[in-house]
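Asker: Same order as they appear, the protein sequences are chains A and L.
Every number in our numbering is 1 more than the matching position in the first sequence, counting from 1.
Every number in our numbering is 146 more than the matching position in the second sequence, counting from 1.
Yeah, the Cβ is synthetic: ideal placement off N, Cα and C, and Gly gets one too.
Keep in mind that this is a model prediction, so the values were computed, not measured.
Dumping the structure here so I can ask a few things about it.
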Amino acid sequence: AQSVTQLGSHVSVSEGALVLLRCNYSSSVPPYLFWYVQYPNQGLQLLLKYTTGATLVKGINGFEAEFKKSETSFHLTKPSAHMSDAAEYFCAVSDREDTGNQFYFGTGTSLTVIP
Amino acid sequence: DAGVTQSPTHLIKTRGQQVTLRCSPKSGHDTVSWYQQALGQGPQFIFQYYEEEERQRGNFPDRFSGHQFPNYSSELNVNALLLGDSALYLCASSFLGTSGGEAFFGQGTRLTVV
């Protein structure tokens with residue numbers, strides 16, 4: 002079974018500061034890992050994903066995440082926050098053996114960017 | 147490409163009523179999944195349809211049912227609505243056959259049960 006824990010339901014950073022959103026996963030099989038962003042009154046947009054290969058994954062809008070198997074983590078970072086980054090962020094895991102791509106989501110982290 | 151489209155965007159229903167939500171998948175996708183996102187929570191998997199059959203199901207009661215049509219579009223039906231069914235319902239489309247593939251989400255239908 003898969004599950005995701007996102008530490009910190011709310012994170013505030015100053016504009017230009019480092020963004021760090023934490024995600025830990027539990028999976029009975031090697032997982033696929035995703036970060037999605039949700040802006041108010043909108044659906045989910047994929048930021049980045051890890052499937053195989055390089056453990057440092059780069060996504061859209063300057064975000065990146067590193068898969069650390071030993072720590073069962075997939076933390077999301079961005080070197081310099083922008084006002085437009087304010088949104089809800091969800092970490093998700095899917096089963097490597099599931100070709101239907103069912104996702105298990107964390108409870109989300111709301112990012113506030115302070116001018 | 148219009149991406150994933152859902153209708154309606156907002157809906158208000160009375161407890162005990164029935165509701166139908168609709169989803170058109172992204173062009174080229176053959177699999178539709180439905181998620182329920184309660185306020186302040188992450189999306190929870192309801193079920194998934196492929197080739198007009200329910201392929202996987204999450205931990206939701208039988209009041210939640212669905213359908214997929216030959217053109218891959220899908221409906222989510224909820225009977226005997228409860229106040230707790232109030233949520234954002236998200237449709238996601240993907241292509242079956244390759245695990246780790248990206249799912250594209252619609253903007254969702256906001257259901258309010260009063």
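(1) If the cut is a Cβ gap below 8 Å, which residues of chain A does G252 of chain L touch?
(2) Which of the three DSSP states, helix, strand or coil, is assigned to K262 of chain L?
(3) Which residue marks the beginning of the beta strand (DSSP E) containing N25 of chain A, and which one marks its end?
(4) Does E263 of chain L get closer than 8 Å to chain A when you measure Cβ to Cβ?
(5) Grouping DSSP H, G and I as helix and E and B as strand, with all else coil, what is L8 of chain A?
(6) Taking G188 of chain L as the query, report the chain A residues whose CB atoms sit under 7 Å from its CB, ordered along the chain.
(7) Using the DSSP secondary-structure output, state which residues sit across from F68 of chain A in a beta bridge.
(8) Taking the C-alpha atoms as reference points, what is the distance between G63 of chain A and N225 of chain L?
(9) By DSSP's criteria, R201 of chain L is part of a beta bridge. Which residues make up the other side?
(10) Looking only at its own chain, which residues have a Cβ that is under 6 Å from the Cβ of L234 of chain L, when we skip the five neighbours before and after it?
Answerer: In short, the structure shows the following:
(1) G44
(2) Outside the displayed range of chain L (147 to 260) lies residue 262 of chain L, so it cannot be described from this structure.
(3) 25-27
(4) Since the first and last residues shown for chain L are 147 and 260, residue 263 of chain L lies out of range.
(5) coil
(6) F91, F106, G107, T108, G109
(7) A:F75
(8) 43 Å
(9) R201 of chain L pairs with nothing; no bridge assigned.
(10) Q183, G254, R256
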